[in-house]
Amino acid sequence: MTSSIQLPVTFQSRSGARSATISVQNAVIAGWTGRDVQAMEKHIRELEEIGVPRPKTTPIYYRVAAARVTTADEIQAAGGDSSGEVEFVLIQSGGELWVTVGSDHTDRKVETYGITVSKQMCDKPIASVLWPFAEVADHWDSLLLRSYAHIGGKRELYQEGRAVAMRPARELIEKYTGGGPLPDGTVMYGGTFAVKGGIRPADRFEIEMVDETLNRKISHAYAIAQLPIMG
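The sequence shown begins at 338 in our numbering and counts up one residue at a time.
Here you go:
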């Protein structure tokens, strides 16, 4: 029996918006997806500096529990070693491909000795607004992604870049499935950018995806509540 979670979302297209509930059965984190080898190498080195080993392949697909995907405005994390990173998120639901923005929130301490385990350690926030992929397909590369970290009461630009920096969405899907579409109920994170000022934890994390062609934006923010580590 396949476990699943139900998430309330808003399907927002150029013709209007409607509320719905989607079923998420599979969650996939695509890593090392950069088209620019030098930029990807920079991010690999950033992680190596905090003890994270190099990936075996690029791209690589990590599986996490579907229950980790959330639209909540607060997550809980054990200790103070976790941090977020902005990513585009592909969602197959109702036979259609949708896109939104999410954060691959990860425990960086655990990541130094077990990347797959570190991915499972933290909830994976996504925005509740979804766009039809078909509406952005022809200008996909121009989509702008940003994140802001709230640290010590100060809001700082943490990441900024365009989707062109990552492998095309269809390519990521095909490499994962072997050529077909994503299975219905699948959420796939698409990779991220190097950060500004080094990887660091925050009290609150903001993410956004801007479609300048159609003059619209999806945004989401969440607080990080630290749980004590007692042993």
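No residue lacks a Cβ here, since even glycine has one placed at the ideal position from N, Cα and C.
Everything numeric in this text was worked out from a predicted model, so none of it was measured.
Could you compute how far the alpha carbon of residue i sits from the alpha carbon of residue j?
i: Ala404; j: Gly489; result: 30 angstroms
i: Gln349; j: Leu467; result: 6 angstroms
i: Ile555; j: Thr437; result: 7 angstroms
i: Arg483; j: Pro462; result: 15 angstroms
i: Gly527; j: Ala357; result: 23 angstroms
i: Ala414; j: Phe425; result: 22 angstroms
i: Ser340; j: Trp369; result: 28 angstroms
i: Thr514; j: Ala506; result: 12 angstroms
i: Gly516; j: Ala502; result: 22 angstroms
i: Ala531; j: Ser479; result: 18 angstroms
i: Lys456; j: Gly421; result: 11 angstroms
i: Ile566; j: Ala558; result: 25 angstroms
i: Glu508; j: Asp418; result: 32 angstroms
i: Ser430; j: Gln496; result: 29 angstroms
i: Val346; j: Phe470; result: 15 angstroms
i: Asp460; j: Ser352; result: 32 angstroms
i: His476; j: Val454; result: 35 angstroms
i: Pro538; j: Ile366; result: 20 angstroms
i: Arg504; j: Val374; result: 11 angstroms
i: Ala354; j: Gly568; result: 47 angstroms
i: His487; j: Glu472; result: 32 angstroms
i: Leu427; j: Asp441; result: 13 angstroms
i: Thr408; j: Arg372; result: 29 angstroms
i: Tyr399; j: Ala364; result: 9 angstroms
i: Glu543; j: Val423; result: 8 angstroms
i: Glu545; j: Glu378; result: 24 angstroms
i: Gly534; j: Glu383; result: 10 angstroms
Kindly list the residues whose CB is nearer than 6 angstroms to the CB of residue i, restricted to its own chain and excluding five residues on each side of it in sequence; keep chain order.
i: Val389; result: Glu448 and Thr449
i: Ile510; result: Leu519
i: Arg553; result: none
i: Leu481; result: Arg499 and Val547
i: Ala464; result: Thr437, Val438, Ile555 and His557
i: Asp540; result: His487
Could you spell out where the alpha helix (DSSP H) holding residue i opens and where it closes?
i: Met503; result: Note, Met503: premise wrong, no alpha helix (DSSP H); not H, not E.
i: Glu472; result: Phe470 to Val473
i: Ala351; result: Checking the displayed sequence, the identity of residue 351 turns out to be Arg instead of Ala. No alpha helix (DSSP H) contains Arg351, which DSSP labels as neither H nor E.
i: Arg445; result: Arg445 to Glu448
Just reading off the beta strand (DSSP E) that residue i is part of, what are its end residues?
i: Val454; result: Not the beta strand (DSSP E): Val454 falls in the alpha helix (DSSP H), residues Ile452 to Met458.
i: Lys554; result: Arg553 to Leu564
i: Glu411; result: Glu411 to Ala415
i: Trp435; result: Glu433 to Ser440
i: Arg400; result: Ile397 to Val401
Could you tell me which residues DSSP pairs with residue i in its beta bridges?
i: Val524; result: Ala364 and Ile428
i: Met546; result: Leu482 and Ile555
i: Ala376; result: Answer is none; Ala376 lacks a bridge partner.
i: Pro462; result: Thr407
i: Ala531; result: None, per the DSSP bridge assignment.
i: Ala357; result: Val346
i: Glu493; result: Ala486
i: Gly371; result: Met503
For residue i, verify whether its CB is less than 7 angstroms away from any heavy atom of the ligand SAM.
i: Gly515; result: Although the ligand SAM was asked about, the structure shown includes no ligands whatsoever.
Excluding the 5 residues flanking residue i on each side, which residues of the same chain have their C-beta closer than 7 angstroms to its C-beta?
i: Val361; result: Ser341, Ile342, Leu344, Ala403, Val406, Gly522 and Val524
i: Gly387; result: Before going further, note that residue 387 is Ile rather than Gly in the sequence given. So the qualifying residues of the chain are Arg445, Thr449 and Ile536.
i: Arg492; result: Tyr485
i: Lys512; result: Pro396
Short of 8 angstroms in beta carbon distance, which residues of its chain neighbour residue i, apart from the five on each side in sequence? Order them along the chain.
i: Ile381; result: Trp369, Arg391 and Pro392
i: Glu411; result: Tyr559, Ala560, Ile561 and Ala562
i: Leu564; result: Gln413, Ala414, Ala415 and Gly416
query: Looking at C-beta atoms only, is the number of pairs between the region 393-402 and the region 421-439 that lie closer than 8 angstroms three or more?
result: Result no; under three Cβ-Cβ pairs closer than 8 angstroms.
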